[in-house]
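Engineer: As they're listed, the protein sequences go chains Z and D.
If you want the numbering used here, it's the position in the first sequence, counting the first as 1, plus 27.
If you want the numbering used here, it's the position in the second sequence, counting the first as 1, plus 383.
The structure under discussion is supplied below as structure tokens; questions concerning it will follow.
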Amino acid sequence: MSKAKKIAIIDYGLGNLFSVLQACKELGADAEITSDLNKIKNSDGMILPGVGAFGQAMQNLEALGITNVLKDEVANGKSLFGVCLGLQLLFTESEEFGRSEGLNLIPGKVKKFPSETIDHNRLRVPQIAWNKIYACTSEMWQSSPLKSLPDGEFMYFVHSYYVQPEDKKCALTKTTYGGYDYYSSVQKDNIFAVQFHPEKSGPKGLEIYNNWLSSLK
Amino acid sequence: MVETVRIIPRLDIKGPNLVKGIHLEGLRVMGDPDQFARYYYENGADELFYMDVVASLYERNSLESIISKTAKSVFIPITVGGGIRSTQDIRNALKAGADKVCLNTAAIKNPSLIKEASSQFGSSTIVVAIEAIKQKDGKYLCFIDNGREHTGIEAVQWAQQVEELGAGELVITSVDREGTGEGYDIELVRAISSKVGIPVIAHGGAGSPEDIFNVIDQAGVTAVTLASSLHYGCIEGKVFNSEGVRVEGNTTFLGSGKKFNKIKPTSIKEIKTYLRDKDVPCRL
Numbered sequence: 028m029s030k031a032k033k034i035a036i037i038d039y040g041l042g043n044l045f046s047v048l049q050a051c052k053e054l055g056a057d058a059e060i061t062s063d064l065n066k067i068k069n070s071d072g073m074i075l076p077g078v079g080a081f082g083q084a085m086q087n088l089e090a091l092g093i094t095n096v097l098k099d100e101v102a103n104g105k106s107l108f109g110v111c112l113g114l115q116l117l118f119t120e121s122e123e124f125g126r127s128e129g130l131n132l133i134p135g136k137v138k139k140f141p142s143e144t145i146d147h148n149r150l151r152v153p154q155i156a157w158n159k160i161y162a163c164t165s166e167m168w169q170s171s172p173l174k175s176l177p178d179g180e181f182m183y184f185v186h187s188y189y190v191q192p193e194d195k196k197c198a199l200t201k202t203t204y205g206g207y208d209y210y211s212s213v214q215k216d217n218i219f220a221v222q223f224h225p226e227k228s229g230p231k232g233l234e235i236y237n238n239w240l241s242s243l244k
Numbered sequence: 384m385v386e387t388v389r390i391i392p393r394l395d396i397k398g399p400n401l402v403k404g405i406h407l408e409g410l411r412v413m414g415d416p417d418q419f420a421r422y423y424y425e426n427g428a429d430e431l432f433y434m435d436v437v438a439s440l441y442e443r444n445s446l447e448s449i450i451s452k453t454a455k456s457v458f459i460p461i462t463v464g465g466g467i468r469s470t471q472d473i474r475n476a477l478k479a480g481a482d483k484v485c486l487n488t489a490a491i492k493n494p495s496l497i498k499e500a501s502s503q504f505g506s507s508t509i510v511v512a513i514e515a516i517k518q519k520d521g522k523y524l525c526f527i528d529n530g531r532e533h534t535g536i537e538a539v540q541w542a543q544q545v546e547e548l549g550a551g552e553l554v555i556t557s558v559d560r561e562g563t564g565e566g567y568d569i570e571l572v573r574a575i576s577s578k579v580g581i582p583v584i585a586h587g588g589a590g591s592p593e594d595i596f597n598v599i600d601q602a603g604v605t606a607v608t609l610a611s612s613l614h615y616g617c618i619e620g621k622v623f624n625s626e627g628v629r630v631e632g633n634t635t636f637l638g639s640g641k642k643f644n645k646i647k648p649t650s651i652k653e654i655k656t657y658l659r660d661k662d663v664p665c666r667l
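Dropping the structure here:
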């Protein structure tokens, strides 16, 4: 990397941002955990992480004034990397605690895993597991930060909800839990977002961060 | 439908040292926790589980500096338990680099902490440890303060209550089996695992890869944590130089060259290869 990329890790008071910051630092990025709107605007790329409740997350983003800045920056072409809840927040709405509205950057819904597997056994929720990610199309995979990984690589997942994009063209990978296939990552223009935790998925996960950082202008 | 199972090395910490006991007592020094943690990370661990084994007894938190050091170079999930009594303690542990925290003593003394913590940090951040001892009448009762203090609370009922309060995961310790290598207490683990919908981690008694297969196969769990046989595998394999062992604490065991009775020194790779041969999916 010629000059260290300035990365804004968006802090809205939910989740553990330590490991996301460590991953960025390990790879030589000039990363900062921040909710400062100017720092978000002046960054080369934005990471939206998060663990926790969808509704609370949206309320916090709104209260901090981050919602509009995030949308503007994405519209201006800045890269956004969503992780876990940070993927789900990009969608139109979630069924978590009734119904909550999301950022609507990707049309679609966030749904809860059922309590039974496809063959009627108990499905443990949250899914807390290393699970495999499979390419929806090899063209998408090759044009994404996953490009250097083998198709079917293990990543670490912790979640009770999954995303359902309306437009399947933005679906990047598929994963199976309890016999159900769901989309475990999406890519749409300058947005790349994953349900799993690359910062908790060992060297292969760091490779994803590295590829994303290298893709930033 | 068998999901991918997790093999989680457990690191019991006392002061600056990695220690290991039997029935959670009689702690012996194993070495520098950071060395073990990195070794496990580089050799197939799916997560790491740290427990400050005397923290709740002395009401102190000494684990944070150990976690911070490890979390800078270990990129798998880290759970931290021992002496966590408040949402502020949880916040501090997360800030130090933990991904999940494990509650036991404080949760039993104040069950609303589980609810408060899971709504504040997300269910998947809150793990509850249940340390159970089998009674003469066959019932399993919960103990706190690292297996020392009797509570009279029935383990299966408590597990169900903990799930309702919003915990995302359970660690079930058989204090009777812990450190013995006699195998997991399948009856205990199955009794709880069949009554809750959240993931369950079995703990206490692993002496061989076969013990791990048995608890996965017969108790319906998708995760196990174990300490002795992995630590002994490292020590017997002379994975570290002697600088990893500090002089403080009871180190006579390390110097004695003693054998480990029922506990077979092993490695994560050996365990996973064994499981895969038995058609249990794991990340190898």
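Where is the CB? At the ideal position from N, CA and C, for every residue including glycine.
1) Give the interface partners of residue 233 of chain Z over in chain D, defined as CB-CB distance under 7 Å, in chain order.
2) For residue 160 of chain Z, tell me which candidate among Z/122, Z/187, Z/125 and Z/232 has the shortest Cα-Cα distance.
3) Could you pull out every residue in the same chain whose Cβ sits closer than 7 Å to the Cβ of residue 214 of chain Z, ignoring the five residues on either side in sequence?
4) Using a Cβ-Cβ distance under 8 Å, would residue 157 of chain Z count as near chain D?
5) Over what stretch of residues does the beta strand (DSSP E) that includes residue 209 of chain Z continue unbroken?
6) Along the chain, where does the beta strand (DSSP E) containing residue 485 of chain D start, and where does it finish?
7) Measure the Cβ-Cβ separation of residue 511 of chain D and residue 490 of chain D and say whether it is below 8 Å.
8) Return the CA-CA distance between residue 244 of chain Z and residue 71 of chain Z, expressed in angstroms with no decimal places.
9) Got a sec: which bits of the region 132-161 of chain Z sit with their beta carbon under 9 Å from any beta carbon on chain D, in order along the chain?
10) Which class does residue 200 of chain Z belong to by DSSP, given the choice of helix, strand or coil?
11) At the 8 Å Cβ level, is residue 223 of chain Z part of the contact set with chain D, yes or no?
12) Just to confirm, are residue 389 of chain D and residue 156 of chain Z a CB contact at a threshold of 8 Å?
13) Measure from the C-beta of residue 49 of chain Z to each C-beta in chain D and report whether the shortest distance is under 8 Å.
14) Does the Cβ of residue 186 of chain Z have 16 or more other Cβ atoms within 10 Å, making it buried, or fewer, making it exposed?
15) Residue 550 of chain D: buried (16+ other C-beta within 10 angstroms of its C-beta) or exposed?
16) Taking the alpha carbon of residue 530 of chain D as the reference point, which residue from D/483, D/488 and D/604 has its own alpha carbon closest?
17) Between the region 194-226 of chain Z and chain D, which residues of the former have CB atoms less than 8 Å from a CB of the latter, in chain order?
18) Please classify residue 224 of chain Z as buried or exposed, where buried requires at least 16 neighbouring CB atoms within 10 angstroms.
19) Within a Cβ cutoff of 7 Å, which residues of the same chain sit near residue 54 of chain Z, ignoring the five residues on either side of it in sequence?
20) Of all the CB atoms in chain Z, is at least one closer than 8 Å to the CB of residue 629 of chain D?
21) Assuming residue 77 of chain Z contacts residue 145 of chain Z under a Cβ cut-off of 8 Å, what Cβ separation, rounded to an integer in Å, is found between them?
22) Name, going along the chain, the residues of the region 159-189 of chain Z whose beta-carbon falls closer than 9 Å to a beta-carbon of chain D.
23) Could you tell me which of Z/96, Z/50 and Z/229 sits nearest to residue 183 of chain Z, measuring between CA atoms?
24) Considering only residues of the same chain and omitting the five flanking positions on each side of residue 663 of chain D, which have a CB-CB separation below 7 Å?
25) On a CA-only basis, which of D/653, D/652 and D/610 is nearest residue 414 of chain D? Give me that one, please.
26) Quick one, which of D/400, D/396 and D/544 has its alpha-carbon nearest residue 498 of chain D's?
27) Thinking C-alpha only, which one of Z/175, Z/95 and Z/125 is nearest residue 117 of chain Z?
28) Hey, quick one: how far does the beta strand (DSSP E) through residue 608 of chain D stretch, first residue to last?
29) Does DSSP classify residue 588 of chain D as helix, strand or coil?
30) Give a yes or no on whether the minimum CB-CB distance between residue 491 of chain D and chain Z is below 8 Å.
31) At 7 Å on the CB atoms, spell out the chain D contacts of residue 118 of chain Z, in chain order.
32) With DSSP collapsed to three states, give me the class of residue 614 of chain D.
33) Could you pull out every unbroken beta strand (DSSP E) segment of at least 3 residues lying fully inside the region 537-573 of chain D, listed in chain order?
34) Can you check which of these residues, D/563, D/564, D/605 and D/567, is closest to residue 582 of chain D by C-alpha distance?
35) Who are the Cβ neighbours of residue 204 of chain Z in its own chain at under 6 Å, not counting the five residues just before and after it?
36) Between residue 392 of chain D and residue 613 of chain D, how many whole angstroms is the CB-CB distance? I'm expecting something under 8 Å.
Structural biologist: Taking the definition as stated:
1) Here the neighbours are 458.
2) Nearest of Z/122, Z/187, Z/125 and Z/232 to residue 160 of chain Z, Cα basis: Z/232.
3) 167, 171, 197 and 199
4) yes
5) Where residue 209 of chain Z is concerned, the enclosing beta strand (DSSP E) stretches over 207-215.
6) 483-486
7) Yes, the Cβ-Cβ distance between residue 511 of chain D and residue 490 of chain D is below 8 Å.
8) 7 Å
9) 142, 144, 145, 146, 148, 149, 150, 151, 152, 153, 154, 155, 156, 157, 158 and 159
10) strand
11) no
12) yes
13) yes
14) buried
15) buried
16) D/488
17) 204, 205, 206, 224 and 226
18) buried
19) Here the set comprises 233, 236, 237 and 240.
20) Low per-residue confidence applies at residue 629 of chain D: pLDDT is 45, beneath 50, and the placement is therefore not dependable, though the value from the model is reported in the following sentence. For residue 629 of chain D, the closest Cβ of chain Z is not nearer than 8 Å.
21) Wrong, their Cβ atoms sit about 29 Å apart, outside the cutoff.
22) 159, 181, 183, 185, 186 and 187
23) Z/229
24) 385, 388, 596 and 599, listed in sequence order.
25) The shortest Cα separation from residue 414 of chain D among D/653, D/652 and D/610 belongs to D/610.
26) D/544
27) Selected option, being the one with the closest Cα: Z/95.
28) Following the DSSP letters along the chain, one finds residue 608 of chain D inside the beta strand (DSSP E) bounded by residues 606-609.
29) Looking at residue 588 of chain D - three-state DSSP - the assignment turns out to be coil, as it is neither helix nor strand.
30) no
31) In chain order: nothing, as chain D lies at least about 18 Å away.
32) helix
33) 552-557
34) Nearest of D/563, D/564, D/605 and D/567 to residue 582 of chain D, Cα basis: D/605.
35) 154
36) Contact flag correct, Cβ pair sits at about 5 Å.
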